[in-house]
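Numbering (the numbering used here), first residue to last: 44 to 280. For each residue, glycine too, the CB sits at the ideal point set by N, CA and C. Let me begin by presenting the structure, written as structure tokens, before commenting on it.
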Amino acid sequence: MERRQDRLIVVDYRVDNAIASSLAEMGELVLFRHPLEEGALSGHPDTALFYDGTTLIIAPNTPREVVAALQKHHVAYTVGKRPSTAGHPHLAAYNAAGTGTLLIHHTPFSEETILQHYRGQEIIDVTQGYTRCSTLLLDSTHLITSDEGIATRCRKAGKQVCTVLPQEIVLPGLPYGLFGGCCGLSGKTVLIAGSLKYLAEGEKIRHFIANAGFQIRELKEAVPQDLGGIFLWGSPL
């Protein structure tokens, strides 16, 4: 694949070499490390970045190298009012799932700038603070989630939902991860940090993504790993 200079990718600083190499073929790869958090979530960009495919809202203490890369690639962003600090629920402030017209989050945890952006839009309030990590929101109608509470609320709101058990998702330092954290979205392409064939529900997920009109790019022949999301800007894949 030809590397696109206009494409920026932000991912966990602990990403393994195989996935990093696959991503680096697509564009400039920048590694994220949280300024305060230690442990399993310390490299997860969804603790400081909220991106709905159009609007980017970042924590004021987002690492300087990430901010510099956003500026280099002329990615427009808004700086939130609240820093991303260590521990729960502070790490969940930016961990919302959104499209241009829909926000899914546990709104008592939501950073104020995100809520203001969605004023007048559809908001589904759920009990899971780590909504982005739990959920791959394909569009305003289709989502895949590891959280049954999110699935229930979204089905009641008329959404098409595919659920996936989280126990097979790898997250070093914790018993398991969450499906949304394995994924990134670029245009109509879903990136997965691993391969669906290693999940018992992999074929169900594959069919759901295809039926929603998206294609899949698997970055490694391995069990999918929760990286806190794969964030991409620039020309669609």
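Within the same chain, F93, L146, I147, H148, S153, I157, T174 and R175 come within 7 Å of A139 by CB-CB distance, once the 5 residues on both sides are set aside. Residue environment analysis places L208 among the exposed positions, since fewer than 16 neighbouring C-beta atoms fall within 10 angstroms of its C-beta. In terms of Cα proximity to T206, the closest of G227, G230, T184 and I248 is I248.
For T156, no beta strand (DSSP E) encloses it; the enclosing alpha helix (DSSP H) starts and ends at E155 to H160. Rounded to whole angstroms, P78 and D55 show a C-alpha spacing of 13 Å. Restricting attention to T150, P132, G216 and Y219, the CA atom closest to the CA of I193 is found in T150. Residue burial is scored here from C-beta neighbours: D269 has at least 16 other C-beta atoms within 10 angstroms and is therefore classed as buried. Per DSSP, the continuous beta strand (DSSP E) segment holding I147 begins and ends at L145 to H148. By the neighbour-count definition (other C-beta atoms within 10 Å, threshold 16), A253 is an exposed residue.
In the three-state DSSP reduction, T188 falls in the strand class (E or B). Your pair G70 and L51 checks out as a contact, with CB atoms roughly 6 Å apart and the cut at 8 Å. Among the bridge pairs identified by DSSP, A140 is matched with I147. K240 counts as exposed, since fewer than 16 other beta carbons sit within 10 angstroms of its beta carbon. Setting aside the 5 residues that flank it on each side, E108 is surrounded in the same chain by V73, each with a C-beta closer than 7 Å to its C-beta; the list follows chain order. Going by DSSP, L74 is part of the beta strand (DSSP E) stretching over E71 to F75. Taking the CA atoms as reference points, E261 sits about 22 Å from D49. At the C-beta level, A102 and P126 come within 8 Å of one another. For V54, the enclosing beta strand (DSSP E) has its first and last residue at L51 to D55. Within a 10 Å sphere around the beta-carbon of R198 sit fewer than 16 other beta-carbons, which makes this residue exposed.
G245 and T188 have their C-alpha atoms some 13 Å from each other.
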